[in-house]
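38 is the number of the first residue of the sequence shown in my numbering; add one for each residue after it.
Below is one structure, written out as structure tokens; comments come after it.
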Amino acid sequence: MKTNEFIPSVNFHLWEPCNMKCGFCFATFQDVKQTILPKGHLPKEEAIKVIEKLAEKGFEKITFAGGEPTICPWISELIKIAKKKGMTTMIVTNGSKLTDKFLKENSGYLDWIAISIDSLNESTNRSIGRTLSKKKSISKNEYREIIERVRSYSYRLKINTVVNRYNFEENMIDFILKAKPERWKVLQSLRIENQNDDKFDEFEISQEEFNLFIENHKLVETIVPESNDQITGSYVMIDPAGRFFDNTEGTHMYSKPINEVGVNAAMSEMKYDFEKFMNRGGVYNWNVNTQNSMNKITLSGGVASGKSTVGKLIAQKLNFQFISIGNKTREVAKSNKMSIVEFQKMCLMNPELDKKIDSEFANECNASDNLVIDYRLGFYFINESFNVFFKVSEDEAIKRLKKSVRTNETFHTVNERNNLFKNQFLNTYDIDVFDENNYDLIIEVDHKRPEQIADEIIEKYMLLFSRNGVKENNKKR
Ligand code: SF4
Numbered sequence: 038m039k040t041n042e043f044i045p046s047v048n049f050h051l052w053e054p055c056n057m058k059c060g061f062c063f064a065t066f067q068d069v070k071q072t073i074l075p076k077g078h079l080p081k082e083e084a085i086k087v088i089e090k091l092a093e094k095g096f097e098k099i100t101f102a103g104g105e106p107t108i109c110p111w112i113s114e115l116i117k118i119a120k121k122k123g124m125t126t127m128i129v130t131n132g133s134k135l136t137d138k139f140l141k142e143n144s145g146y147l148d149w150i151a152i153s154i155d156s157l158n159e160s161t162n163r164s165i166g167r168t169l170s171k172k173k174s175i176s177k178n179e180y181r182e183i184i185e186r187v188r189s190y191s192y193r194l195k196i197n198t199v200v201n202r203y204n205f206e207e208n209m210i211d212f213i214l215k216a217k218p219e220r221w222k223v224l225q226s227l228r229i230e231n232q233n234d235d236k237f238d239e240f241e242i243s244q245e246e247f248n249l250f251i252e253n254h255k256l257v258e259t260i261v262p263e264s265n266d267q268i269t270g271s272y273v274m275i276d277p278a279g280r281f282f283d284n285t286e287g288t289h290m291y292s293k294p295i296n297e298v299g300v301n302a303a304m305s306e307m308k309y310d311f312e313k314f315m316n317r318g319g320v321y322n323w324n325v326n327t328q329n330s331m332n333k334i335t336l337s338g339g340v341a342s343g344k345s346t347v348g349k350l351i352a353q354k355l356n357f358q359f360i361s362i363g364n365k366t367r368e369v370a371k372s373n374k375m376s377i378v379e380f381q382k383m384c385l386m387n388p389e390l391d392k393k394i395d396s397e398f399a400n401e402c403n404a405s406d407n408l409v410i411d412y413r414l415g416f417y418f419i420n421e422s423f424n425v426f427f428k429v430s431e432d433e434a435i436k437r438l439k440k441s442v443r444t445n446e447t448f449h450t451v452n453e454r455n456n457l458f459k460n461q462f463l464n465t466y467d468i469d470v471f472d473e474n475n476y477d478l479i480i481e482v483d484h485k486r487p488e489q490i491a492d493e494i495i496e497k498y499m500l501l502f503s504r505n506g507v508k509e510n511n512k513k514r
């Protein structure tokens, strides 16, 4: 075990109380509460001193965990102090208290929010104990809303999942792809004596079962798996009493309190494996937003909303390439010696064909940069994209169709055609392309010229681009 190098990130479990009771929780700290800390936490001033000492020592990143850190009344103060001392800040939370008030208050100080989501199935969460009072678990939709809220305040998002006996066969791919966390940490549930060993038999899984979960989710690019072996000894952790602890012996081994002996002396009592920390991807560039490389704009919307005309204009102005699923479908129809209408009818009968085209088209787009993509499902399939929805009224759409004489699109009313799309995507992928929550920008297009719409989109895109610190070197205007 290599212990002599410095691990630059630290998890401060500052608070024992939690509003959930997950059976596999390895941070229950009942041992701490029963022996030295009846309230389960240090007084605020003592916690502040710990943070100041960690910053002085040179820790670059601090993760506030618990228990549940968001129920600590002074968590915002601690985050602010850590940020002012130059550290990257994160919380690990069960998500139940991520209110607008909390998100607003910590904006600008808290960099990352890691939400613990083990299952999207309420009964599984109840079996795990991931429930609030009266056994109320957080539903899939509620998790989605929480993530939307976190995103709306521009926090960076991580999701943590503990794989255990109750969820190891669950498939979370769709949810994770939609949530788009920058990191999805997937941990094998770990037995820790005096923390969870009284009920751990119920949750324990083998390495093979853990591997199965990882294998079933390998399509998720941001997955970071951590087996029991990888977790053990690779984290620098501090308990609610302000002491370092490690888990190398299968139980928590605590140092003397940092505020009494200082960081160096307390840390020297601990065993950490720097190599393991490195191997599990611990040195991750926390400050670089991987989503900054957003250089694709996807356009979705109803029939005759003008996506393609506007898309070509945007591409021209930004010096991007315009690409459309319609053209891709036409190509495939042609290679099958069919008209586009015949081919679309065949796809309706055979959804697998549509899925194949989607997958090929998405792969092409994801492998390229600087694209404007006319694709209703773009928000779902395209990584690192700015997603726009064109909102058009039925009257305006009919007017446009008449003008363009698109004969193959006039045999149904506009609403019927939109419903066809909606149902097709709901049936195939369980996603609603007309749900405005899926987009970064909703643009009303009635009575607007294509040029005007293109400029509006570019302006909003650039604003987000520059806020995320991305170079604006593609801008031609
Ligand atoms: S929410 Fe987190 S801290 Fe609370 S019981 Fe569950 S795993 Fe433990």
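Just so it is clear, CB atoms sit at the ideal spot from N, CA and C, and this is done for glycine as well.
Just so we're clear, the structure is a prediction, and the values are computed from it rather than from any experiment.
Asked                                                                                                                          : Found
Secondary structure, alpha helix (DSSP H): runs of 4+ residues fully inside the region 220-279                                 : 244-253 and 265-268
Three-state secondary structure assigned by DSSP to residue 146                                                                : coil
Near ligand 1: residue 413 beta-carbon under 8 angstroms from a heavy atom                                                     : no
Sequence-distant residues of its chain with Cβ nearer than 6 angstroms to residue 350 (five each side left out)                : 487 and 491
Beta-carbon proximity list for residue 16, same chain, < 7 angstroms, skipping 5 on both sides                                 : Any answer about residue 16 is impossible in this case: the structure gives the chain only from 38 up to 514.
Residue 447 (DSSP reduced to helix, strand or coil)                                                                            : Caution applies to residue 447, whose pLDDT of 46 falls short of 50 and renders its modelled position unreliable; the model cannot decide the point.
Residue 209 and residue 133 closer than 9 angstroms at C-beta                                                                  : no
Residue from 173, 315, 471 and 151 with nearest C-alpha to residue 160                                                         : 173
Pick from 166, 146, 138 and 130 that is closest to residue 180, judged by C-alpha positions                                    : 130
Inside the region 341-423 only - beta strand (DSSP E) runs reaching at least 3 residues                                        : 358-361 and 408-411
Cβ contact check for the region 456-469 and the region 408-428: 3 or more pairs under 8 angstroms                              : yes
The region 74-83 / the region 227-244 touching (three or more Cβ pairs under 8 angstroms)                                      : no
Close-in-space but distant-in-sequence residues of the same chain around residue 73 (CB under 6 angstroms, 5 per side omitted) : 278
Pick from 450, 232 and 496 that is closest to residue 529, judged by C-alpha positions                                         : The question about residue 529 has no answer, for the chain in this structure spans 38 to 514.
Minimum C-alpha distance to residue 31 - residue among 175, 314, 478 and 283                                                   : This structure does not reach residue 31, given that the chain is present from 38 up to 514, and the question cannot be answered.
Among 121, 259, 68 and 271, nearest to residue 215 - alpha-carbon criterion                                                    : 259
Assigned secondary structure, residue 46 (DSSP; H/G/I helix, E/B strand, else coil)                                            : strand
Contact test: residue 109 Cβ vs ligand 1 heavy atom, cutoff 8 angstroms                                                        : no
For residue 452 and residue 481, believed in contact at Cβ under 8 angstroms, the rounded distance                             : That pair is no contact at about 18 angstroms.
Residue 214 - DSSP class collapsed to helix/strand/coil                                                                        : helix
N-terminal and C-terminal residue of the beta strand (DSSP E) that residue 130 is part of                                      : 125-130
Alpha-carbon to alpha-carbon, residue 353 and residue 410                                                                      : 13 angstroms
Distance cut-off 8 angstroms: residue 105 Cβ against heavy atoms of ligand 1                                                   : yes
Residue 304 CB to nearest heavy atom of ligand 1 below 8 angstroms                                                             : no
Boundaries of the beta strand (DSSP E) in which residue 64 is found, first to last residue                                     : Per DSSP, residue 64 belongs to no beta strand (DSSP E) and is neither H nor E.
Backbone secondary structure at residue 100 - three-state DSSP                                                                 : strand
Residues sharing a beta bridge with residue 425, DSSP                                                                          : 336 and 478
Distance cut-off 8 angstroms: residue 199 Cβ against heavy atoms of ligand 1                                                   : yes
Simplified DSSP assignment, three categories, for residue 167                                                                  : coil
For residue 107, three-class secondary structure by DSSP                                                                       : helix
Contact test: residue 167 Cβ vs ligand 1 heavy atom, cutoff 8 angstroms                                                        : yes
Minimum C-alpha distance to residue 500 - residue among 95, 423, 457 and 473                                                   : 423
Buried versus exposed, by CB contacts within 10 Å (16 or more), residue 37                                                     : The chain is shown from 38 up to 514; residue 37 falls before or after that span and cannot be answered.
Euclidean distance between Cα positions of residue 68 and residue 187                                                          : 34 angstroms
Per-residue DSSP class, three states only, for residue 135                                                                     : coil
Where residue 305 sits in the DSSP three-state scheme                                                                          : helix
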